[in-house]
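These notes are about the structure you will find just below.
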Amino acid sequence: MRHVDRLPWAIQEEKHVTIPMADGVELSARIWRPTASDAEPVPAVLEYIPYRKNDLTSTRDAIHHPYIAGHGYACVRVDLRGTGESGGVLFDEYLEQEQSDAESVLAWIAEQPWCDGNTGMMGISWGAFAALQTAARRPPSLRAICIASFTDDRYADDMHYLGGAMLSDNLAEAGTMFAYATCPPDPAVVGERWREMWRERLDAARPWVLEWLRHPNRDDYWRHASLSEDYSALRCPVLASSGWADGYSNAVTRLLSHVDVPRKGLIGPWSHKLPHLGEPGPAIGYLQEVVRWWDHWLKGVDNGVMDGPMLRAWMQESVPPSTSYEERPGRWVGEPSWPSPNIGETVLPLRDGGLGEPDDEENREDRVHTVQSPLSVGQFAGKWASYNAPPDLPYDQREEDGGSLVFQTAPLDRRVEILGAPAVVVEVSADAPVAQLNVRLSDVAPDGRSTRVTYGVLNLTHRDSEETPEPLEPGRRYRVRVPLHSVAQAFPPGHRIRLSLSTSYWPLVWPAPAPTLLSVYEKGSTLTLPVRPDDVPEDKALRPFGEPEGCAPPAVTRLSEPEQAWTVSRDLVNYRSVLDIVKDRGLQRHEDNGIETGLRACEKYSSVGEDFGSVRGESAWEMRFGRDGWDVRVETRTVLTSDDEAFQVDATLDGFENGHRVFSRTWNERIGRDNV
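Residue numbers (my numbering): 173 to 848.
Pasting the structure below:
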């Protein structure tokens, strides 16, 4: 990334500004704005997240907020209620209180003398959720939003449940927020109140996974703040982006197809990162695109930002399997609208153990195949939401395919490109009332190496309804449809397209209560691919993106080395398999304010043989903050196990001040599975 030190507008920074809420709670903001804005008010852009503006996101914030401010905007970075230096308590994600606070923040911003009354919201992940959810409430000053790595459907397309099956990220994200919501404010900012504020957070804390487990089906809990419940609620322009390696790869195209506002979509090869920091590369000059968006929609500049295709996407070339990539080779393609007239459906029947050409369905023989996957299928699946942090992308799929039912094409005689969401329709029966169907689509090279392209999951009790699942009738035949994650991928001549079906995908997906034998019938079973021509003339006329650029981040001194590990181990005496994940940022000092921070997160997923009752997940966090004789540490641990009937949650929270434990609490709760 190119660091920019000269910008069109001189700026000033206010590190801690309080914004009053109606109930007396004050939220903490950090503001960058042009020095001339006191006399010449400017539009303002809000980012609203719970990840601590004073330390844990300060480096990232300093790259893009001063950059945007230097182009004539007031950038306001606010910590949610109960996080960082903001007052109150954060109980859960996306609550009514959070959105009400956001409206109050926007109203406060619009009334400031340095703001001209026009506001925008931007962010990635939680910040993108917040922007989209707030925009749906139509606050009067909000003119446009820029969002990255988001969803419009909190139940069906977030890190909690997928196809009615529970993702292990439901536990991992719960562990993350259990820790973040119990961290202390900085005494250098809030003064002697810090201990009282910290204690309020500790006393109110609870493991977030408890509430998420209590809502395994689509209900009012998930409908709240899901734009998919009413797309017409969004009335402001939106620039939406994501990456193919991210868990949030579906929402961009879905948003483009459902909302009726000025909109643009951008999907690169990236993991869960902003496009100017995008990995795998190539990263792009995203901040330049954001400034163009704000210039048009907040300042009224006629800069052609709405020219060109509605969607720009990175068409990925074939690559060998790897758990991380520095770059994904490919090219940018453009679609004038979504759904796109450039894309057609190619339907491949499951036939003779392979994927055949379209044929006469009535005359196809109805062969039956059976599969009962070992629990080990899924150990090389990677993370639901990758950060391209070695090694969290899926590895060679050949070992996974050994426990799966596989259908594949003959070697391709021509290049095939797909853009969109493949889908599988399968005729199945099961020998148990609760079962899963996990579907993977892979690119198989002539040497046999298999790279996962996309995947989908269906809890078969959700085959007809996400609201009211129904157990299977053992032995009964059902026709089910499994959508796969959206993707853009080229399959070269000589490669094969492989479809793999399994009854487990642990630990990416929490398994069914017991092993299941699934029968798959060829007749009526198909794979549908969204095929795009590889020679669309308009692709060659696309405007190139600029080089990634932003402001230089503040100095950080590393006091201990970070650690990133992903280890799969198998004990062949006791048949115990374990996936250990370590993400340790190391201890570091932020030189602009002197605070020292340390963050270590560990996940562990284990099982013994084919004993589905042995499945165990654990998320443990340690977060440390200190300076000049002040040393505070928070430790959280959440363990999730299950049996045929229920989930068991065992959790602990400990707070330490200067090495002494000052708070400790444990939880032990049992929650029914309800067909999960």
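The beta carbon of each residue, even a glycine, is placed where N, CA and C say it ideally should be.
Since the structure is predicted, the reported quantities are computational estimates derived from the model, not experimental observations.
Check, Outcome
"Beta-carbon contacts of residue 407 that lie in its chain and below 7 Å, excluding the five residues immediately before and after", "310 and 433"
"Three-state secondary structure (DSSP) of residue 762", "strand"
"Assigned secondary structure, residue 214 (DSSP; H/G/I helix, E/B strand, else coil)", "strand"
"Per DSSP, cross-strand counterpart(s) of residue 590", "661 and 703"
"For residue 485, the residue or residues it bridges with in DSSP", "439 and 505"
"Nearest to residue 687 (by Cα), restricted to the options 287, 708 and 608", "608"
"Which of helix, strand or coil DSSP assigns to residue 567", "coil"
"Residues of its chain near residue 829, where Cβ-Cβ distance is below 6 Å and the 5 sequence neighbours each way are ignored", "804"
"Nearest candidate by alpha-carbon position, reference residue 590, set 768, 475 and 486", "486"
"Cβ pair residue 810, residue 521 closer than 8 Å", "no"
"Outcome for residue 712 when other beta-carbon atoms lying within 10 angstroms are tallied against a minimum of 16", "exposed"
"Whole-Å CB distance - residue 669 paired with residue 580, under 8 Å assumed", "6 Å"
"Top-ranked residue by Cα proximity to residue 285, from 218, 211, 256 and 353", "211"
"Buried or exposed (CB count within 10 angstroms, at least 16 for buried), residue 564", "buried"
"Supposed contact pair residue 308 and residue 399 - C-beta distance, whole angstroms, cut 8 Å", "5 Å"
"In DSSP terms, what residue 225 is bridged to", "Note: residue 225 sits in no beta bridge, so no partner."
"Cβ contact check for the stretch 783 to 802 and the stretch 336 to 355: 3 or more pairs under 8 Å", "yes"
"Selection from 189, 179, 620 and 420 that minimises the alpha carbon distance to residue 235", "179"
"Inter-residue spacing [alpha-carbon to alpha-carbon] between residue 518 and residue 506", "20 Å"
"Residue 464: first and last residue of the uninterrupted beta strand (DSSP E) it sits in", "Run containing residue 464: none in the beta strand (DSSP E); it sits in the alpha helix (DSSP H), 458 to 471."
"Which of helix, strand or coil DSSP assigns to residue 736", "strand"
"Unbroken beta strand (DSSP E) run spanning residue 271, endpoints", "Unbroken run through residue 271 is the alpha helix (DSSP H), 268 to 283; no beta strand (DSSP E)."
"Bridge partner(s) assigned by DSSP for residue 247", "204 and 217"
"Interface flag, residue 569 vs chain D, CB-CB below 8 Å", "Absent from the structure is chain D; it holds one protein chain and no more."
"Length of the line joining the Cα atoms of residue 330 and residue 355", "25 Å"
"Cβ-Cβ distance between residue 448 and residue 438 below 8 Å", "no"
"Proximity winner among 365, 231 and 778, relative to residue 741 (alpha-carbon distances)", "778"
"Buried versus exposed call for residue 582 [16 or more other C-beta atoms within 10 Å across all chains shown]", "exposed"
"Paired residues, beta bridge with residue 797 - DSSP", "769 and 804"
"Selected residue, minimal CA-CA separation from residue 543, among 595, 602 and 500", "602"
"Element boundaries [beta strand (DSSP E), containing residue 602]", "595 to 602"
"Nonlocal neighbours in the same chain, by C-beta distance under 6 Å from residue 388, ignoring five residues either side", "846 and 848"
"Residue of 816, 832, 839 and 745 minimising C-alpha distance to residue 824", "839"
"Alpha-carbon to alpha-carbon, residue 695 and residue 541", "11 Å"
"Residue 313 to residue 238 span [Cα, whole Å]", "22 Å"
"Straight-line gap, residue 337 to residue 206 (C-alpha atoms, nearest Å)", "49 Å"
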